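Data block below; observations after.
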Amino acid sequence: MDKIVIIVGFARCGVTLVNRYLASDKKLVCLAEINSRYKCPTEPNTVKGQLDKWYGTSIKEGSTIEELKSALEFCSSSGKTLLVRDWSFGSFVPLKYNNFNPARTLNTIDDIKTQLGVEVNVMAIVRNPIDVWLSMNNSVKTFHDKKLEGYRSFVDEILQREIPLFKYEDFCKNKDQVLAGIYAIIGKDMPSNLTLSSNVIGDINYPTSSRGASENNVRMLDRRSFAEEELSFMKDNTCINDILSKLSYVEHI
């Protein structure tokens with residue numbers, strides 16, 4: 002039976018980095034920031050566009066689900082596994098790209114299951130919400146989830162669905178161990194020569210918005226510095242402590 006692997010993850014959680022490693026595996030066809038209902042502004046932002054630019058494969062233009070079906074047919078004919086990095090941010094945070102009315106659920110998973118009727122293996126990448134907040138606060142992009150209410154809803158969703166999750170911090174500490182866990186979900190043997198692919202795009206298109214974009218390997222970066230007023234805001238106006246507890250991080254603010 003055909004299978005699609007989906008990685009869900011919130012903004013600034015290191016999902017781009019993980020997906021770039023996976024994209025160096027020739028047995029996988031990796032798509033980035035694809036959502037069944039909303040288009041991420043980072044281009045190419047369609048299945049067709051990514052297959053054409055990254056894999057030299059032309060498919061017929063259609064809805065995201067229709068294009069995913071064509072991508073799956075391409076993978077089946079070439080003995081590859083289709084891996085979709087979901088644009089989960091667009092499903093949980095009000096943005097102009099979702100008419101400020103997000104689904105507030107992992108709609109890509111459900112739409113693929115119901116409309117394509119294929120097996121779906123899912124995993125989630127999460128990160129300490131303190132660092133998520135600091136990263137977005139220092140980004141060149143607009144900070145759309147200032148209270149991290151969208152991130153909390155995302156966390157609630159993956160926990161309710163019992164989706165296997167991997168922490169970005171663990172990936173930085175022991176990349177190979179986390180990748181081995183990811184490959185167990187993919188259902189393939191892990192190659193020994195995974196590297197950072199230059200195909201998969203994301204925040205690497207905005208080099209000043211992510212400190213990790215310029216790194217050539219995985220390492221734990223020091224926490225960004227913050228002012229007292231930023232700490233007060235995080236304490237008094239965000240969902241950070243709730244998320245820390247839900248994800249079993251040992252610290253709090």
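Numbering (this note's numbering), first residue to last: 2 to 254.
A virtual CB, placed ideally from N, CA and C, is assigned to each residue, including glycine.
Predicted, not measured: the structure shown is a model, and the values here were computed from it.
- Within the same chain, 2, 3, 4, 5, 73 and 113 come within 8 Å of residue 119 by CB-CB distance, once the 5 residues on both sides are set aside.
- Put simply, the segment 115 to 133 touches the segment 4 to 22. At least three CB pairs are less than 8 Å apart.
- Annotation for residue 21: no beta strand (DSSP E) segment contains it, though the alpha helix (DSSP H) segment containing it runs 16 to 23.
- Only exposed fits residue 165, as fewer than 16 other CB atoms lie within 10 angstroms of its CB.
- A distance below 7 Å between beta-carbons, with the five flanking residues on each side excluded, links residue 42 to the following residues of its chain, in chain order: 98.
- By the neighbour-count definition (other C-beta atoms within 10 Å, threshold 16), residue 46 is a buried residue.
- Classified as buried, residue 89 has 16 or more neighbouring CB atoms from the shown chains inside 10 Å of its CB.
- Taking every protein chain shown into account, the CB of residue 161 has fewer than 16 other CB atoms within 10 angstroms, so this residue is exposed.
- Judged by DSSP in its simplified three-state form, residue 12 adopts coil rather than helix or strand.
- By the CB criterion at 9 Å, residue 109 and residue 92 fall inside the cutoff.
- Following the DSSP letters along the chain, one finds residue 35 inside the beta strand (DSSP E) bounded by residues 29 to 35.
- Rounded to whole angstroms, residue 103 and residue 94 show a C-alpha spacing of 6 Å.
- Within a 10 Å sphere around the beta-carbon of residue 220 sit fewer than 16 other beta-carbons, which makes this residue exposed.
- Under DSSP, residue 86 takes part in a beta bridge, and its partners are 8.
- Here residue 15 is near residue 173, since their CB atoms are less than 9 Å apart.
- Shortest Cα-Cα distance from residue 36 to any of 168, 247 and 66 involves 66.
- Residue 169 has its alpha-carbon roughly 11 Å from the corresponding atom of residue 222.
- Inclusion of residue 68 and residue 84 in the CB contact set at 9 Å is not warranted, their separation being larger than that value.
- Residue 166 sits in a strand when the DSSP states are folded into three classes.
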